[in-house]
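Novice:
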Amino acid sequence: MAKILVCDKISPTAIERMKALGHEVVVKTGMTPEELIETVPPFEAMIVRSATKVRVPVIDAAKNLKVIIRGGVGIDNIDVDYARSKGIEVRNTPAASSPSVAELALGHMFSVYRFIAASTWRMRQGEDFKKIKKESQGRELAGKTLGIIGIGRIGKELAKRALALGMKVIAYDAYVTDPGIEGVTMVSFDELLSQADIISLHVPKTDKPIIGREEFAKMKDGAVIINTARGGVVDEDALLEALDSGKLYGAAIDVFVGEPNPKPELVNHPKVSVTPHLGASTNEAQERIGEEIIKILNEVFGS
Ligand code: NAD
Numbered sequence: 015m016a017k018i019l020v021c022d023k024i025s026p027t028a029i030e031r032m033k034a035l036g037h038e039v040v041v042k043t044g045m046t047p048e049e050l051i052e053t054v055p056p057f058e059a060m061i062v063r064s065a066t067k068v069r070v071p072v073i074d075a076a077k078n079l080k081v082i083i084r085g086g087v088g089i090d091n092i093d094v095d096y097a098r099s100k101g102i103e104v105r106n107t108p109a110a111s112s113p114s115v116a117e118l119a120l121g122h123m124f125s126v127y128r129f130i131a132a133s134t135w136r137m138r139q140g141e142d143f144k145k146i147k148k149e150s151q152g153r154e155l156a157g158k159t160l161g162i163i164g165i166g167r168i169g170k171e172l173a174k175r176a177l178a179l180g181m182k183v184i185a186y187d188a189y190v191t192d193p194g195i196e197g198v199t200m201v202s203f204d205e206l207l208s209q210a211d212i213i214s215l216h217v218p219k220t221d222k223p224i225i226g227r228e229e230f231a232k233m234k235d236g237a238v239i240i241n242t243a244r245g246g247v248v249d250e251d252a253l254l255e256a257l258d259s260g261k262l263y264g265a266a267i268d269v270f271v272g273e274p275n276p277k278p279e280l281v282n283h284p285k286v287s288v289t290p291h292l293g294a295s296t297n298e299a300q301e302r303i304g305e306e307i308i309k310i311l312n313e314v315f316g317s
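Numbered according to my numbering, the sequence shown terminates at residue 317, and the numbering increases by one at each position without gaps.
What follows is the structure, given as structure tokens:
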């Protein structure tokens with residue numbers, strides 16, 4: 015059985031199951047890169063979420079490592095090619111959190127359209143009840159057009175839920191031409207920008223923003239943008255301009271450039287609903303991530 019180093023928080027059930035399978039499990043979270051380099055040598059498996067960075071020096075120190083398992087989707091915190099070049103497998107649990115992220119994106123749509131986050135904040139500040147009510151006439155999601163950029167695992171989960179709410183769903187994807195969901199119409203990027211009432215991004219991290227000044231200009235007046243994908247897929251300065259100019263009705267952001275220190279102008283913006291990267295933070299997603307980790311360990315080390 016294997017020596018497993020758990021570097022970020024994972025479900026306690028998964029840890030119990032690993033031990034029951036006979037693995038030796040050490041949980042050590044919040045290590046500095048130096049501590050990690052010192053700790054990693056004897057371990058054959060390493061389990062991380064997004065917080066721990068597995069860069070070249072850590073991989074060089076990991077002389078016994080057979081697999082790095084990322085509980086979650088994005089593997090940008092791991093030097094994947096380098097690890098693989100050293101014969102170390104890099105695996106993730108891509109589907110485990112999709113329903114949770116889709117539900118959060120929907121929650122944010124309701125929040126922006128019905129001023130839920132904004133009202134909570136204003137009422138707690140002691141603002142006049144009637145004034146808030148007067149200034150918070152919302153919109154219904156039903157009948158509106160949702161534009162999904164990136165119709166992969168999360169995009170599809172969101173599409174199904176939006177259709178059930180009576181929304182019209184259009185999607186643009188750089189690679190997928192048929193999402194296999196009745197009721198979703200694939201369109202070009204520009205068509206999506208000009209037709210959608212709400213745009214939700216579900217693409218991997220990109221080198222440069224997919225949505226910037228030019229794209230905001232092509233959107234409907236009063237559009238809403240939701241980013242639960244990765245910080246940087248939306249240009250945050252351009253987003254602030256589009257909010258302040260009145261081009262956008264609102265925005266919702268779960269993922270920020272510079273996490274865990276998001277731009278205060280965005281966090282404090284009255285038209286923005288924010289969460290601190292909570293997409294996968296549900297009991298159900300954590301349990302499913304744990305189950306997938308056990309499955310990977312069984313594949314790599316035998317059950
Ligand atoms: P996925 O790989 O299943 O789907 C991504 C889709 O985007 C694919 O269909 C792909 O063809 C498409 N795509 C790639 N580049 C594109 C581009 N430039 N333009 C248009 N389409 C493009 O991924 P997923 O599991 O659905 O995850 C989507 C995003 O959600 C990722 O960025 C992931 O990191 C993020 N995520 C966030 C949280 C959170 O806590 N907020 C949790 C899980 C995942």
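Built from N, CA and C at the ideal position, the CB exists for glycine as well.
In this text, all values refer to a predicted model and were calculated from it rather than measured experimentally.
1) Taking Ser25 as the reference, which of Gly86, Glu229, Leu50 has the closest Cα?
2) Could you spell out the range, first to last residue, of the beta strand (DSSP E) harbouring Val40?
3) Taking 7 Å as the cut-off, is the beta-carbon of Ala34 closer than that to any non-hydrogen atom of the ligand NAD?
4) State yes or no: is the C-beta of Asp192 nearer than 7 Å to some heavy atom of the ligand NAD?
5) Starting from Ala265, follow the beta strand (DSSP E) in both directions and report where the run begins and ends.
6) Looking at the unbroken beta strand (DSSP E) that takes in Gly304, where does it start and where does it end?
7) Could you check if Lys170 is buried or exposed, using at least 16 other CB atoms within 10 Å of its CB as the buried criterion?
8) Have a look at Thr107, Ile240, Glu149, Asp74 and flag the residue whose alpha-carbon is nearest the alpha-carbon of Ile89.
9) Residues in its own chain within less than 7 Å of Ala252 by CB, not counting five upstream and five downstream?
10) Residues around the ligand NAD, please: the condition is that the C-beta lies closer than 5 Å to some non-hydrogen atom of it.
11) Under 8 Å between the Cβ atoms of Lys285 and Val247?
12) Can you grab the Cα-Cα spacing for the pair Phe143 / Met137, in whole Å?
13) Using the Cα positions of Met123 and Leu172, report the straight-line distance between them to the nearest angstrom.
14) So if DSSP puts Lys17 in a beta bridge, which residue, or which two residues, is it bridged to?
15) Can you check whether the CB of Ile184 is closer than 8 Å to the CB of Gly206?
16) In the DSSP output, what is Ile162 paired with across the bridge?
17) Between the alpha carbons of Leu311 and Arg98, how many angstroms are there, rounded?
18) Given that a residue counts as buried once 16 or more other Cβ atoms are within 10 Å of its Cβ, and exposed if not, what is Asn275?
19) Specify, as a first and last residue, the run of the beta strand (DSSP E) that Met60 falls within.
Specialist: On the basis of the coordinates in this document:
1) It is Gly86 whose Cα lies nearest to the Cα of Ser25.
2) Note, Val40: beta strand (DSSP E), 38 to 41.
3) Not under cutoff, so the answer is no.
4) Between the ligand NAD and the CB of Asp192, the shortest heavy atom gap is not smaller than 7 Å.
5) Counting along the chain, the beta strand (DSSP E) containing Ala265 begins and ends at 262 to 267.
6) From DSSP, Gly304 is part of no beta strand (DSSP E) but of the alpha helix (DSSP H) over 297 to 315.
7) Classification of Lys170: buried, given that the 10 Å Cβ count is 16 or more.
8) Answer by Cα proximity: Thr107.
9) Around Ala252, the same chain offers Gly226, Arg227, Phe230 as residues with beta carbons nearer than 7 Å, after the five sequence neighbours per side are excluded.
10) Counting every residue whose Cβ lies closer than 5 Å to a heavy atom of the ligand NAD, we get Val87, Gly88, Ser111, Val115, Gly164, Gly166, Arg167, Ile168, Asp187, Ala188, Tyr189, Val190, His216, Val217, Pro218, Thr242, Ala243, Arg244, Asp268, Gly293, Ala294.
11) Not a contact, by the Cβ cut-off of 8 Å.
12) Distance between the alpha carbons of Phe143 and Met137 is about 7 Å.
13) Computed Cα separation, rounded: 11 Å.
14) Note: Lys17 sits in a beta bridge opposite Glu38.
15) In the sequence as presented, Gly is not what sits at residue 206; that position holds Leu. Remark: C-beta atoms of Leu206 and Ile184 approach each other more closely than 8 Å.
16) According to DSSP, Ile162 bridges with Ala185, Ser214.
17) The alpha-carbon atoms of Leu311 and Arg98 are separated by roughly 17 Å.
18) The Cβ neighbour count for Asn275, taken over all protein chains shown within 10 Å, is under 16; the residue is labelled exposed.
19) Note, Met60: beta strand (DSSP E), 59 to 62.
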